[in-house]
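Below is one structure, written out as structure tokens; comments come after it.
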Amino acid sequence: ALKHIENFKEKLKLRRECKKGLRKWYEIQWGRDKRLFENKKIVYPFKASSNRFALDEGSYFSADVYGIRIKDMFQGMISYEYLLGILNSRIYEFYIKSMAKKLGDNLYEYYPNKIMKLKIPNLIKEVEDEVISKKDNFKDNIDNILKDYFKITDEEYEAIKKWCN
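By the working numbering, the letter at position 12 of the sequence shown is numbered 62, and the numbering carries on one by one without gaps.
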């Protein structure tokens, strides 16, 4: 194996971590802390036709599935369930798709850097509890909360619903 990768030695030495002396040219880029995979997180596919954010409380691993963790400094301030409600709403589907790369007729790239830049409303606790508690018709209920928050008109909301279907 080493004999094979020696053919690529010069190119491998140009990697940022090699230039900084953090990795030898023949070492794997970087390992991940397995706790990042074992802890509670929101997972989502890299490519999808619609928002498919889900809660993982175990150890889900996949090369084409990404995860969102709430940073320690925000623990207790925002919940995973609240984020799921927001991220899976029609309004956020429209928001994400309006900046995502379209990969065909009905497939979008959910690139992690784009997802991490989403603006999440810092709603008051009562509204967060309402978002979390909406089980039946949750998309309609959460959309109504977000519609009020963002001051989206009925006409604009109907256009969003039509666009998302």
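Backbone N, C-alpha and C fix where the C-beta goes; we use that ideal spot for every residue, glycine too.
Cβ pair count under 8 Å reaching 3, the region 83-101 against the region 140-150: The region 83-101, when compared against the region 140-150, does touch it at the 8 Å Cβ threshold.
Alpha-carbon to alpha-carbon, residue 213 and residue 158: Cα to Cα, the separation comes out at about 14 Å.
Beta-ladder partner(s) of residue 105, from DSSP: Answer is 92, bridged to residue 105.
Continuous alpha helix (DSSP H) assignments of at least 4 residues falling wholly in the region 146-207: Runs of the alpha helix (DSSP H) inside the region 146-207: 162-166, 175-183, 188-200.
Where the alpha helix (DSSP H) through residue 55 begins and ends: Counting along the chain, the alpha helix (DSSP H) containing residue 55 begins and ends at 52-55.
Whole-angstrom distance between residue 200 and residue 208, CA atom to CA atom: Spanning the alpha carbons of residue 208 and residue 200 requires a straight line of approximately 15 Å.
Short Cβ contact (8 Å threshold) for residue 76 with residue 105: In this structure, residue 76 lies away from residue 105, with their beta-carbon atoms at least 8 Å apart.
Residue 92 beta carbon less than 8 Å from that of residue 117: Less than 8 Å separates the beta-carbon of residue 117 from that of residue 92.
Same chain only: Cβ atoms within 7 Å of residue 120, ignoring 5 sequence neighbours per side: Within the same chain, 128, 130 come within 7 Å of residue 120 by CB-CB distance, once the 5 residues on both sides are set aside.
For residue 71: DSSP bridge partner residues: According to DSSP, residue 71 bridges with nothing at all.
Limits of the unbroken alpha helix (DSSP H) element including residue 135: Per DSSP, residue 135 belongs to the alpha helix (DSSP H) from 130-137.
Of the residues 111, 136, 172, the one placed nearest residue 89, counting alpha carbons only: Looking at 111, 136, 172, the one whose alpha-carbon comes closest to that of residue 89 is 111.
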